[in-house]
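Protein chains in written order, with my numbering: chain A, 1 to 150; chain B, 1001 to 1150.
2 protein chains.
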Amino acid sequence: MTPDRWTVLKAGDGCVICGDAHLEENPFGYLVVELEHSFVRLAKNQYMRGWTTVTLKRHANELWELSDEELAGFWREVAHVGRALDLVYQPAKLNYGVFGNLCPHLHCHLIPRTYADDPTKPLNMNEQEVWLSPPEYAAAIGALRRALER
Amino acid sequence: MTPDRWTVLKAGDGCVICGDAHLEENPFGYLVVELEHSFVRLAKNQYMRGWTTVTLKRHANELWELSDEELAGFWREVAHVGRALDLVYQPAKLNYGVFGNLCPHLHCHLIPRTYADDPTKPLNMNEQEVWLSPPEYAAAIGALRRALER
């Protein structure tokens, strides 16, 4: 990635996430729900069971680009999704990561960590690839939607 | 980590971070500044240059345990520190991680990623250990404090 190319992406020009975060299905995953500030998606790769993203609707790259109201609203939605994941997966701990090293459009990864995980190991959602069957994806999405209503 | 031991830590009983997040120096790093909701610390391991943490003052484990006001205040402070790190280190992207797999007390890691980093590599602040000299730590802390005032 050159600084020039990255500057174009940061400006939102040709941003992949702007183009596909709202779709029922995209290469990354499935839409779970649309919230006020964000789209919630379940990752197709469920190696780390429950891996979900919360993506800001509008294009922004870093937290300080948001207004106070947007920042508060985005994190309220992340917290709400986190609580729902906790109800569904009952993890030892939830991990939250805002990286954006490949596409800077602001999104937060939420990953349940289990007691079987090594807590000293860095988070790597793509260490393995685990694909579910269509009914299994539908069940995971349904469970998360129901938990978001609780 | 057994579920029983983890439940005790989540309750804040014997929480290491409650005990040392405010100290000038602790085994992890140095205090940069105290904000309304959080303590800001520079990590001693500066393999990833600029690695800084923002730790909630009171004991909580997950984002949904916070009131709306606390949640907004905490992330406003994370964003403020992020902007300061951007001014000092001018990274390609800032990474933000709330993990807490070893100690659940809510804290956010802020890590500048450079153009030299491989964006496909998972974040691992402890992949190597890089210790600075005392004047180098003082310079890094001073630069961050000045940027927080800008």
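Using N, Cα and C, we set each Cβ at its ideal position, and we do this for glycine too.
Along chain A, in chain order, which residues have C-beta atoms closer than 9 Å to that of residue i?
i, result
"Tyr-1115 of chain B", "Met-1, Thr-2, Pro-3, Trp-6"
By a C-beta neighbour count over all protein chains shown, 10 Å radius and 16 as the cutoff for buried, is residue i buried or exposed?
i, result
"Glu-1149 of chain B", "exposed"
"Leu-106 of chain A", "buried"
"Pro-1134 of chain B", "exposed"
"Lys-10 of chain A", "buried"
"Asn-1061 of chain B", "buried"
"Thr-120 of chain A", "exposed"
"Thr-53 of chain A", "buried"
Listing by chain order, which chain B residues have their CB less than 9 Å from the CB of residue i?
i, result
"Ala-11 of chain A", "Within 9 Å Cβ-Cβ: nothing; Ala-11 of chain A doesn't reach chain B, min ~14 Å."
Taking the Cβ atom as the reference point for each residue, do residue i and residue j lie within a distance shorter than 8 Å?
i, j, result
"Leu-1063 of chain B", "Val-78 of chain A", "yes"
"Tyr-1089 of chain B", "Gly-1029 of chain B", "no"
"Leu-1071 of chain B", "Ala-72 of chain A", "yes"
"Arg-1145 of chain B", "Val-1033 of chain B", "yes"
"Leu-1123 of chain B", "Leu-123 of chain A", "yes"
"Gly-1012 of chain B", "His-1080 of chain B", "no"
"Arg-83 of chain A", "Asp-1068 of chain B", "no"
"Gly-97 of chain A", "Gly-1100 of chain B", "no"
"Met-48 of chain A", "Met-125 of chain A", "yes"
What does a CB cutoff of less than 6 Å around residue i pick up in its chain, not counting 5 residues either side in sequence?
i, result
"Asn-45 of chain A", "Glu-129"
"Leu-132 of chain A", "Gln-46"
"Ala-193 of chain A", "There is no way to answer for residue 193 of chain A, as the model of chain A reaches only from 1 to 150."
"Glu-24 of chain A", "Leu-31"
Could you pull out every residue in the same chain whose Cβ sits closer than 7 Å to the Cβ of residue i, ignoring the five residues on either side in sequence?
i, result
"Ile-17 of chain A", "Thr-55, Cys-103, His-105, His-107"
"Phe-1039 of chain B", "Ala-1021, His-1022, Leu-1031, Thr-1055, Lys-1057"
"Ile-1141 of chain B", "Tyr-1030, Val-1032, Leu-1042"
"Leu-66 of chain A", "Ala-60, Phe-74"
"His-1037 of chain B", "Leu-1056, Lys-1057, Glu-1070, Gly-1073, Phe-1074, Glu-1077"
Could you please give the first and the last residue of the uninterrupted beta strand (DSSP E) stretch that includes residue i?
i, result
"Ala-1140 of chain B", "Segment 1134-1149 is the alpha helix (DSSP H) holding Ala-1140 of chain B; no beta strand (DSSP E) there."
How would you list, in chain order, the residues of chain B whose beta-carbon sits under 8 Å from the beta-carbon of residue i?
i, result
"Tyr-47 of chain A", "Those do not exist, as Tyr-47 of chain A stays about 13 Å from chain B at its closest Cβ, beyond 8 Å."
"Leu-123 of chain A", "Gly-1097, Phe-1099, Pro-1122, Leu-1123"
"Leu-71 of chain A", "Ala-1072, Trp-1075, Arg-1076, Ala-1079"
Just to confirm my understanding: we take residue i, look at its own chain, exclude 5 residues before and 5 after, and list those with CB closer than 8 Å. What are they?
i, result
"Pro-1091 of chain B", "Gly-1050, Leu-1085, Pro-1112, Arg-1113, Thr-1114"
"Val-1216 of chain B", "What is shown of chain B runs 1001 to 1150, which leaves residue 1216 of chain B out entirely."
Please list the partners that residue i has in chain A, where partner means a Cβ-to-Cβ separation under 7 Å.
i, result
"Gly-1100 of chain B", "Lys-93"
"Pro-1119 of chain B", "Met-1, Asn-101, Leu-102"
In the DSSP assignment, find the alpha helix (DSSP H) that holds residue i and state where it starts and stops.
i, result
"Gly-1019 of chain B", "1016-1020"
"Thr-1120 of chain B", "Counting along the chain, Thr-1120 of chain B falls outside any alpha helix (DSSP H), and DSSP gives it neither H nor E."
Report the neighbours of residue i on chain B: residues whose CB is nearer than 7 Å to its CB, in chain order.
i, result
"Asp-20 of chain A", "Within 7 Å Cβ-Cβ: nothing; Asp-20 of chain A doesn't reach chain B, min ~19 Å."
Mind listing the chain A neighbours of residue i? Cutoff is C-beta to C-beta under 8 Å, in chain order.
i, result
"Arg-1150 of chain B", "Chain A residues near Arg-1150 of chain B: none, gap ~12 Å exceeds 8 Å."
"Trp-1064 of chain B", "Ala-79, His-80, Gly-82, Arg-83, Asp-86"
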